[in-house]
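Residue numbers (the numbering used here): 107 to 182. Using N, Cα and C, we set each Cβ at its ideal position, and we do this for glycine too. Nothing here was measured: the structure is a model prediction, and the numbers come from that model. Right, one structure below, let's go through it.
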């Protein structure tokens with residue numbers, strides 16, 4: 107059986123790889139779907155009511171007032 111060339115018969119090539127080399131087929135499929143999801147998923151999330159989450163703080167909040175020193179942990 108001759109392998110179909112990719113650029114002249116892509117659908118036949120994908121059918122061949124799905125049967126003969128499934129790892130190659132799925133890696134090509136996932137690789138093609140990834141960039142499409144970057145464009146389509148954020149608008150769909152907003153349409154279904156999933157809000158954009160708050161940004162994660164990069165610093166620890168500094169408490170107001172004097173620092174309370176813990177007691178009872180001194181080495182004796």
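Taking C-beta separations shorter than 7 Å and ignoring five residues to either side along the sequence, the partners of residue 130 in its chain run 123, following chain order. Counted as a single uninterrupted DSSP element, the alpha helix (DSSP H) harbouring residue 132 occupies residues 128–153. Shown here, residue 159 sits in coil according to DSSP, grouped into three states, outside any helix or strand.
Under the three-state reduction of DSSP, residue 116 is assigned to helix. Between the C-alpha atoms of residue 160 and residue 175 there is a straight-line separation of about 32 Å.
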